[in-house]
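Sequential numbering of the sequence shown, starting at -11, is according to the working numbering.
Note that beta-carbon positions come from the ideal geometry of N, C-alpha and C, so glycine has one too.
Report on the following structure.
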Amino acid sequence: MAGIYLHIPFCKQACHYCDFHFSTSLKKKEEMISALRRELFLRKDEFVSSSGVENQIETIYFGGGTPSVLSNKEINMLIDEIYQLFDVVENPEITLESNPDDLSADRVKQLSESKINRLSIGIQSFFDEDLKMMNRAHNATEAWNSLQEAKKYFDNISIDLIYGIPEMTLDRWQQNVQKALDLNIPHISSYALTVEPKTALATLIKNGKIPTPDDGVAHEHFLLLIELLEKSGFIHYELSNFGKPDYFSKNNSAYWLGKKYLGIGPSAHSFNGENRSWNIANNSLYINAIQQDKLPSEVETLSIKDRYNEYVMTGLRTVWGVSLEKIKDDFGSDYLAYLLKNAEVFLTNEKLIIENTILKTTLKGKFFCDGIASELFWID
-11 MAGIYLHIPF
-1 CKQACHYCDF
9 HFSTSLKKKE
19 EMISALRREL
29 FLRKDEFVSS
39 SGVENQIETI
49 YFGGGTPSVL
59 SNKEINMLID
69 EIYQLFDVVE
79 NPEITLESNP
89 DDLSADRVKQ
99 LSESKINRLS
109 IGIQSFFDED
119 LKMMNRAHNA
129 TEAWNSLQEA
139 KKYFDNISID
149 LIYGIPEMTL
159 DRWQQNVQKA
169 LDLNIPHISS
179 YALTVEPKTA
189 LATLIKNGKI
199 PTPDDGVAHE
209 HFLLLIELLE
219 KSGFIHYELS
229 NFGKPDYFSK
239 NNSAYWLGKK
249 YLGIGPSAHS
259 FNGENRSWNI
269 ANNSLYINAI
279 QQDKLPSEVE
289 TLSIKDRYNE
299 YVMTGLRTVW
309 GVSLEKIKDD
319 FGSDYLAYLL
329 KNAEVFLTNE
339 KLIIENTILK
349 TTLKGKFFCD
359 GIASELFWID
């Protein structure tokens, strides 16, 4: 089984914290759609093995950018192209990332009539002061109304929420989470506000316009989030993701479980089990290359060390943890001994635990799992 990710590199405006690849100009949108379709064609045989066996596609994900800036006709055109070129399972998960200001009543109804069966909505906050600080294109009323409309037609809905925002009190964060619970949203992705280099947020903080996010406050928000969602029946299945049973993101879970995926579009990444590749993060150069039937990508063959490090990183972030048996079988006894030796300090301070030969983070260790993983990496 495999997945296809399509990167739609357009947004109405730039959020202050975002460092993803996108453009606020839609001038090249038609050319981009044509290039995405052509790249799908050029790469249609990448999931066919040397013996002629083809991996079925079980997830299709429109990410970005803001994919909801595409028209329904453009979205359907890309989905139809995938169905024509690939072997798609009977009921694939097809997700569209969207912003509240794009989800009018008519638009949601139209989307429900397409093959899209899962909406991931970038709410980020239900409070105007937070949305203005982040330079989001929608307001709090649009956030609430978009979910009311989405729930009329879609069962499988995910929302994004951001915590650790400067001057966001614990009480306001709790109200944010409670609003999602009141709407009975079955999946929540939640991230700490991070300051990426060369973003507007970094500049505003440097100039003293916005306070630096406080890690201690973010940690408090994170622990409250876990408490509230787990009490409401959510499973904390990945560091930033919570889902009701049967509502985990199949697309994202595939990344964490090491499944194959094809990334289409500028800046999109792909993984075939052995190699990782990524397209150039420039719309014009991407389009020009594809028009000449050239793939504007770089390829990296993953060494055993790379694969071990990636498995430790993703495993510790998830409910599935790191299998000690898999470490021994796939990487060898030296890697297992190295992992256990470096894990000792975290087992002692109860940030890690071993259950049935699975190494996992505890509640105490979850917020720090990326840092813990880096201490377990194999470094030459």
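Looking at residue j and residue i, is the spacing between their C-beta atoms short of 8 Å?
| i | j | result |
| --- | --- | --- |
| residue -2 | residue 24 | no |
| residue 56 | residue 86 | yes |
| residue -9 | residue 249 | yes |
| residue 44 | residue 123 | no |
| residue 177 | residue 148 | yes |
| residue 252 | residue -6 | yes |
| residue 360 | residue 334 | yes |
| residue 138 | residue 96 | yes |
| residue 206 | residue 152 | yes |
| residue 212 | residue 158 | yes |
| residue 60 | residue 102 | yes |
| residue 184 | residue 71 | no |
| residue 210 | residue 168 | no |
| residue 329 | residue -11 | no |
Tell me, please, which residues DSSP counts as bridged to residue i.
| i | result |
| --- | --- |
| residue -6 | 50, 252 |
| residue 107 | 84, 145 |
| residue 176 | 147, 230 |
| residue 25 | In DSSP, residue 25 forms no bridge with anything. |
| residue 112 | 149 |
| residue 224 | 230 |
| residue 264 | 259, 288 |
| residue 36 | 42 |
| residue 310 | 347 |
| residue 340 | 349 |
| residue 11 | -2 |
| residue 76 | 45 |
Looking only at its chain, what residues have a beta carbon closer than 7 Å to the beta carbon of residue i, apart from the 5 residues adjacent to it on each side?
| i | result |
| --- | --- |
| residue 354 | 227 |
| residue 134 | 88, 91, 109 |
| residue 311 | 345, 346 |
| residue 331 | 340, 347, 364 |
| residue 309 | 303, 346, 347, 348 |
| residue 111 | 88, 131, 147, 148, 149 |
| residue 296 | 319, 323, 366 |
| residue 83 | 49, 50, 106, 108, 239 |
| residue 75 | 42, 44, 45 |
| residue 357 | 227, 304, 305, 349 |
Under the criterion of a Cβ to heavy atom distance below 7 Å, does residue i qualify as lining the ligand PLP?
| i | result |
| --- | --- |
| residue 124 | Absence of the ligand PLP is noted for the structure shown, with no ligands found whatsoever. |
Identify, in the order they occur along the chain, each residue of the same chain with its Cβ nearer than 8 Å to the Cβ of residue i, setting aside the five sequence neighbours on each side.
| i | result |
| --- | --- |
| residue 240 | 226, 229 |
| residue 16 | 271, 272, 275 |
| residue 370 | Residue 370 is absent from the model: the chain starts at -11 and stops at 368. |
| residue 30 | 278, 281, 283 |
Quick one: residues in its chain with C-beta nearer than 6 Å to the C-beta of residue i, no 5 flanking neighbours on either side, listed in chain order?
| i | result |
| --- | --- |
| residue 171 | 135 |
| residue 235 | 174, 175 |
| residue 36 | 42 |
Which whole-angstrom value describes the C-beta separation of residue i and residue j, a residue pair presumed to lie in contact below a C-beta threshold of 8 Å?
| i | j | result |
| --- | --- | --- |
| residue 47 | residue 81 | 5 Å |
| residue 319 | residue 292 | 6 Å |
| residue 187 | residue 7 | 5 Å |
| residue 113 | residue 145 | Wrong, their Cβ atoms sit about 17 Å apart, outside the cutoff. |
| residue 286 | residue 266 | 6 Å |
| residue 9 | residue 242 | Residue 9 to residue 242, Cβ: 22 Å. No contact. |
| residue 237 | residue 175 | 7 Å |
| residue 34 | residue 260 | 7 Å |
Report task. Pair every Cβ in the region 273 to 288 with every Cβ in the region 215 to 227, then say whether three or more of these pairs are closer than 8 Å. Result -> no
Query - Cβ contact check for the region 285 to 305 and the region 347 to 360: 3 or more pairs under 8 Å - result: yes
Requested in this report: Report yes or no: do three or more beta-carbon pairs, one from the region 107 to 117 and one from the region 195 to 204, lie closer than 8 Å?
Outcome: no
Query raised in the report: Is the region 45 to 53 touching the region 26 to 34, taking contact as three or more C-beta pairs under 8 Å?
Result: no
Query raised in the report: Are three or more beta carbon pairs between the region 187 to 197 and the region 254 to 263 nearer than 8 Å?
Result: no
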